[in-house]
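Student: Could you have a look at this structure, given as structure tokens, before my questions?
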Amino acid sequence: MSTLHVISHSPFGDNRLSSCLCLLGPNDGLLLCGDAVYALQPGSEPLKTLQAHNLEQRLFALAEDLQARAINSDAVNAVDYPAFVALSLHYDKVNSWL
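So this is what it looks like as structure tokens:
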């Protein structure tokens, strides 16, 4: 069963991202939104960790949040809200890391 994991908290404030990555299955996706997009800052440890997990086609971020925080990254697939809804329907379940 595939899961879309949704994280909205900064990776610099707690360990939600690292906990999520420990549980991420081979068919799971990861969507970063809100302050979680700070994980995509160039040269940051969270970005290195994400890259080490080889999530290429399974790593997403809300385009609006990337733009609001002036983050440009080739390491992520930027999606808008309709695409977020489509992702939610694509995966068997959605897990929000509150």
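Position in the sequence shown counted from 1, then plus 45, gives you the numbering used here.
Note that the Cβ used here is the ideal one computed from N, Cα and C, for glycine as well.
(1) Would Arg61 and His50 be called neighbours here (beta carbons separated by less than 7 Å)?
(2) Suppose only complete runs of 4+ residues qualify. What are the alpha helix (DSSP H) ranges in the stretch 63 to 129, listed by chain order?
(3) Asp80: which of Gln102, Ala128 and Pro56 sits nearest, CA to CA?
(4) Since Leu85 and Arg103 are thought to touch, with beta carbons under 8 Å apart, how far apart are those beta carbons, to the nearest angstrom?
(5) With DSSP run on the structure shown, which of helix, strand or coil describes Ala54?
Tutor: By the coordinates alone:
(1) no
(2) 90 to 97 and 108 to 113
(3) Pro56
(4) Not a contact, Cβ separation roughly 15 Å.
(5) The question names Ala, but residue 54 in the sequence shown is His. Coil.
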